[in-house]
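Number of protein chains: 2
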Amino acid sequence: MALGADSYDILLQRGLLAKAGTLLNLGRKVLVVTDSGVPAQYAAQLAAQCAQPVLVTVQQGEGAKSFDGLQTLLGAMLDAGFHRGDCVVAVGGGVVGDLAGFAAATYMRGIDFYNIPTTSLSQVDSSIGGKTAINFNGVKNIVGTFYQPPRVLVDPDLLATLPPRQLAAGFAEAIKAGMIADEALLALFETGAAEARLEEVLLRALRVKKDVVEQDEKEAGLRRILNFGHTLGHGIESVYGLGGLLHGECVALGMLPMCKTPALRQRLSSVLARYHLPTHAAFDPDLVFAAVCHDKKGAGNKTAIVEVETAGHALMRTVENEALRQLLVREAKEGIGA
Amino acid sequence: MALGADSYDILLQRGLLAKAGTLLNLGRKVLVVTDSGVPAQYAAQLAAQCAQPVLVTVQQGEGAKSFDGLQTLLGAMLDAGFHRGDCVVAVGGGVVGDLAGFAAATYMRGIDFYNIPTTSLSQVDSSIGGKTAINFNGVKNIVGTFYQPPRVLVDPDLLATLPPRQLAAGFAEAIKAGMIADEALLALFETGAAEARLEEVLLRALRVKKDVVEQDEKEAGLRRILNFGHTLGHGIESVYGLGGLLHGECVALGMLPMCKTPALRQRLSSVLARYHLPTHAAFDPDLVFAAVCHDKKGAGNKTAIVEVETAGHALMRTVENEALRQLLVREAKEGIGA
């Protein structure tokens, strides 16, 4: 990831967790952060390679991304006498990475943060790019920073323990990457080769994100193409996420109405179905519209959306909120709400 | 302030507050943050120049620099529907700047932050350099970020309402700047010309800080010279701050033992006395030593200290904690503890 003084390496290889001690500077105090949904042996394996590990296991789920969760991590560092030269390592999915990254970004105005993603979602997407965040007053990711790690270790072996539904939900972000910037990546899913060629999937998806982030680290413009499927997806997630839909599943649903041709939509729909990702969901268009408007990507009466007309090429456009509402009403009747 | 992409202007002129609307982009939602110790007309004057002002007045004092204070500001922005293009303006001293800056740095991963310092302490020092922070678990400034404002307005007229003791306490940081890097600035205080030549004092003190921050924004090395007087000063402040000593007064006391010659110490002592800053204080060396060790600038068994042998030139050195303890015991008997 080439970001001037904040540049860093993303290593992708099977077996990296076992070698973390030789790849990261763990000869100091290390806050190892994981959650109760991650197999405990991963964090234990990392902690065993640290000179002075302090292990914190937060509760699984978005609830950990809170000021309470943040204070738990900061308090643990303070109690253990962490100084500026010490570090934080996240061993988990997006929730753990977002929370641990924010704690590292703010403890003593920033200490080193390493990320070892353990889910497909975080391995293809959230572990790179430097976004850290917690939720506040019911709004997702509303408080956080951009904070780049000095190194990210992506170990595909860690996905072996991931339940199939979680694995597929993470793949939705890789399918997104294919849709906006890499048709060959989309084709890997289309032909059902994704699992057999897992490293290639991860590499291609990470490369799409890396290329975008390098050009627009702070999301001033181009980086918004990574939000393909997320504008509606977040809205659906706000309303129905607690009812059981995973983030990646909401993104899958959010991508479909943003396909500009029926042919492309059909193509995407087939890919999603192949990985048992949802292509239809009943939803209340008014509730989802209200959630979209409440979401941070909108501003004023207009909302920035990302569409795809030809696989591998994203288009950015600003639409009136009313047009978005009408789209949702239409979809609820005919499309993803069938 | 030349910091690459994060460079910004620091404007210093009488009457700037009245012209803020022409100097800052206030044609948007603006969170105006002040505290109950700042004359209310300053924030009101700024708010009157904003398209959509939201005014928050926090309680005066360090207590506002807390997670509660932070959530108050973030919640106010969320309630008012602030987006990435909106901004925060601090109208106050160091507490307001640190807190408002941290809120701006973390709301939606960072929105514009302008600073209009109203105290001598913040006008000569804390309003530039990009340090934001809150206190946590009894440790000062332990949580925060480096976050540079796009513009800082220093209006010396605002100091007219500052109580003389507060004014002098802020001057302690300017005296510090003179001691470490600008003997002519020290001489302005020595000759009693500081108040009559206020703009020159502010300009020179800000220039010292600017030059240092430009070379070492994130305090990897050189920036630590700005901590002259602060290692012991923070320790004294931790123990006796609530008992009535102001930050600048503690810095004054903390500088004296760090003068490497009796002649320089005498010179500094005379300058401090001229501005009614403390040159003697009874203190418990063990309590202050414990506070210094607890302070974030120490690491392990050693502490980084800054000394001055010749006015205008700072020296950095790492000493054993035990040597620092002995110094404090000596001082408590003979020097600042007389």
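Residue numbers (the numbering used here), protein chains in the order written: chain A, 714 to 1051; chain F, 714 to 1051.
Positions of the beta carbon are idealized from the N, C-alpha and C atoms, including for glycine.
With a threshold of 8 Å between beta-carbons, can residue i be considered close to chain A, or not?
{"i": "residue 902/F", "result": "no"}
{"i": "residue 858/F", "result": "yes"}
{"i": "residue 923/F", "result": "no"}
{"i": "residue 855/F", "result": "yes"}
{"i": "residue 844/F", "result": "yes"}
Kindly indicate if chain F contains any beta-carbon less than 8 Å away from that of residue i.
{"i": "residue 1041/A", "result": "no"}
{"i": "residue 850/A", "result": "yes"}
{"i": "residue 935/A", "result": "no"}
{"i": "residue 791/A", "result": "yes"}
{"i": "residue 1051/A", "result": "Caution applies to residue 1051/A, whose pLDDT of 44 falls short of 50 and renders its modelled position unreliable; the model cannot decide the point."}
On the DSSP bridge assignment, give the partners of residue i in chain order.
{"i": "residue 831/F", "result": "Answer is none; residue 831/F lacks a bridge partner."}
{"i": "residue 857/F", "result": "846/F"}
{"i": "residue 719/F", "result": "Partner(s): none; residue 719/F has no beta bridge."}
{"i": "residue 1007/F", "result": "Looking at the DSSP assignment, residue 1007/F forms no beta bridge with any residue, so it has no partner."}
{"i": "residue 826/A", "result": "801/A"}
{"i": "residue 1028/A", "result": "1020/A"}
{"i": "residue 766/F", "result": "743/F"}
{"i": "residue 1132/F", "result": "With chain F covering 714 to 1051 only, the question about residue 1132/F has no answer from this structure."}
{"i": "residue 820/F", "result": "856/A"}
{"i": "residue 771/A", "result": "748/A"}
Quick one: what's got a C-beta closer than 7 Å to residue i's C-beta in the same chain, skipping five residues either side?
{"i": "residue 1057/A", "result": "For residue 1057/A there is no data in the structure shown, the boundaries of chain A being 714 and 1051."}
{"i": "residue 734/F", "result": "762"}
{"i": "residue 859/F", "result": "843, 844, 930, 931"}
{"i": "residue 1032/F", "result": "1015, 1016, 1018"}
{"i": "residue 982/A", "result": "969, 992"}
{"i": "residue 810/F", "result": "803, 828, 830, 835, 839, 840"}
{"i": "residue 815/A", "result": "783, 845, 846, 847, 857, 858"}
{"i": "residue 973/A", "result": "1020, 1021, 1022"}
{"i": "residue 895/A", "result": "917, 921, 1025"}
{"i": "residue 892/F", "result": "899, 941, 968, 981, 1021, 1024"}
Once the 5 residues before and after residue i are set aside, which same chain residues still bring their CB inside 6 Å of it?
{"i": "residue 751/F", "result": "805, 831"}
{"i": "residue 1110/F", "result": "Summary: the structure shown does not reach residue 1110/F, with chain F confined to residues 714 through 1051, and so no result is reported for it."}
{"i": "residue 936/A", "result": "925, 929"}
{"i": "residue 985/A", "result": "965, 992"}
{"i": "residue 989/F", "result": "881"}
{"i": "residue 765/A", "result": "742"}
{"i": "residue 998/F", "result": "1041, 1042, 1045"}
{"i": "residue 836/A", "result": "830, 867, 915"}
{"i": "residue 923/F", "result": "714"}
{"i": "residue 739/F", "result": "762, 763"}
Once you ignore the five residues that flank residue i on each side, which residues in its own chain have a CB closer than 8 Å to its CB?
{"i": "residue 849/F", "result": "779, 780, 855, 856"}
{"i": "residue 769/F", "result": "744, 745, 746, 747, 785, 786, 789"}
{"i": "residue 994/A", "result": "949, 953, 958, 966, 1049, 1050"}
{"i": "residue 1007/F", "result": "852, 951"}
According to a CB-to-CB cut-off of less than 7 Å, which residues of the segment 813-834 of chain F neighbour chain A? 818, 819, 820, 821, 822, 823
Using a Cβ-Cβ cut-off of less than 9 Å, list which residues of the segment 774-787 of chain F approach chain A; keep chain order. 780, 783, 784, 787
Which complete beta strand (DSSP E) runs does the segment 923-993 of chain F hold, if anything under 3 residues is left out? none
Identify every run of the alpha helix (DSSP H) within the segment 877-909 of chain A, keeping only runs that are complete inside it and at least 4 residues long; order them along the chain. 877-894, 896-903
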